[in-house]
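Q:
Residue numbers (the numbering used here): 726 to 989.
1. Can at least three beta-carbon pairs, one atom from the stretch 919 to 928 and one from the stretch 956 to 964, be found at a separation below 8 Å?
2. Contact check, residue 815 vs residue 766 under 8 Å by CB: the rounded distance?
3. Within 10 angstroms of the Cβ of residue 881, are there 16 or more other Cβ atoms? Answer buried if so, exposed if not.
4. If we ignore side chains and look at the alpha-carbon of each, how far apart do residue 951 and residue 823 end up?
5. Helix, strand or coil: which one does DSSP assign to residue 940?
6. With residue 721 as the anchor, note down where its alpha helix (DSSP H) starts and where it stops.
7. Suppose you measure from the CA of residue 986 to the CA of residue 946; what does that come to, to the nearest Å?
8. Quick one: Cα of residue 953 to Cα of residue 941, how far?
9. Could you pull out every residue in the same chain whose Cβ sits closer than 6 Å to the Cβ of residue 875, ignoring the five residues on either side in sequence?
10. Please report the distance separating the alpha-carbon of residue 932 from that of residue 897.
11. Can you tell which of 786, 774, 878 has the C-alpha that lies nearest to the C-alpha of residue 843?
12. What's the gap between the Cα of residue 884 and the Cα of residue 972?
13. Quick one: give me the first and last residue of the alpha helix (DSSP H) that residue 830 is part of.
14. Does residue 745 pass the burial test, meaning 16 or more other C-beta atoms within 10 Å, or should it be called exposed?
15. Using 10 angstroms around the beta-carbon of residue 890, count the other beta-carbons present and answer buried if the total reaches 16, otherwise exposed.
16. Can the beta-carbon of residue 918 be found closer than 7 Å to that of residue 978?
17. Taking three-plus beta-carbon pairs below 8 Å as touching, is the stretch 733 to 751 in contact with the stretch 766 to 776?
18. So if DSSP puts residue 932 in a beta bridge, which residue, or which two residues, is it bridged to?
19. Identify whether residue 951 lies in helix, strand or coil by the three-state DSSP scheme.
20. Excluding the 5 residues flanking residue 899 on each side, which residues of the same chain have their C-beta closer than 8 Å to its C-beta?
21. Does the distance from the C-beta atom of residue 799 to that of residue 967 stay below 7 Å?
22. Taking the C-alpha atoms as reference points, what is the distance between residue 706 and residue 970?
23. Please report the straight-line C-alpha distance between residue 975 and residue 751, rounded to a whole angstrom.
24. Determine whether the Cβ of residue 790 lies closer than 7 Å to any Cβ atom of chain C.
25. Rounded to a whole number of angstroms, what is the C-alpha to C-alpha distance between residue 777 and residue 754?
26. Please report how far the alpha carbon of residue 807 lies from the alpha carbon of residue 841, in whole angstroms.
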């Protein structure tokens, strides 16, 4: 069967993320994870997005249609913001290398934020799986609640990350010069992540399930469902925001410091 808009976007998603995965592998190998964990989480996010695109493509191309493929694809979609949040934490740690990142207080704070990101990941994926369970109405209701809690957790995580990065600006005069562009890059990246978090909330309330089979009575909210809503908000607020964040983080953590300061 011919691909619809979501299928075409899924194919492009694979094409865009394969180079990102390759670049992050090179960076991880070059620095042996000594400097920063941000690239590791960008790599993991790339794998999630490649798998998501492959499952969406398979779901549209395989005959007869296998609904399980779509369930798996959209479960991966809700997991994506967690890896981006973990990457931001890693890059904030890189910004403060040899300054605020060395303090026990900062280390503990970053660990707590990372735990919150993992909690959001677990809750969101569990909600997506449970809400799509056709065999149990109670499981579907629990899944709906978990999806909403997961989306709120992502929003709270973004607020905490934004406040944390503002605190990092108070140390800007103590930072190594080549680290300052990265902090400014994180500021821009967080705007993209904020848009993605907003989409998570809209998607969670757009339907009682991740596949949009039980849509909201609100026609405006229905437009934001990942599976059955308007594909343009999904493309802009989900796919493009995530990819833009990754490009910004890679530029700010590698090319810009080398070009202007000759080192990283």
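Beta carbons: idealized from backbone N, C-alpha and C, even for Gly. All values derive from a computational prediction rather than experimental measurement.
A: To lay it out plainly:
1. yes
2. 6 Å
3. Exposed.
4. 42 Å
5. Strand, per DSSP.
6. Only positions 726 to 989 of the chain appear in this structure, which leaves residue 721 out of reach.
7. Reliability of the predicted coordinates at residue 986 is poor, the pLDDT of 46 falling under 50, and the value obtained from them is presented with this limitation in mind. Approximately 47 Å, taken between the alpha carbons.
8. A direct Cα-Cα distance of roughly 11 Å separates residue 953 from residue 941.
9. 845, 848, 849, 852
10. Residue 932 and residue 897 have their C-alpha atoms some 44 Å from each other.
11. 878
12. Between the C-alpha atoms of residue 884 and residue 972 there is a straight-line separation of about 22 Å.
13. 829 to 856
14. Per the 10 Å Cβ criterion, buried.
15. buried
16. No, these two residues do not count as a Cβ contact at 7 Å.
17. yes
18. 940
19. coil
20. 824, 825
21. no
22. Since the first and last residues shown for the chain are 726 and 989, residue 706 lies out of range.
23. 12 Å
24. Of the protein chains in this structure there is only one, and it is not chain C.
25. Rounded to the nearest whole angstrom, the C-alpha separation of residue 777 and residue 754 is 25 Å.
26. 9 Å
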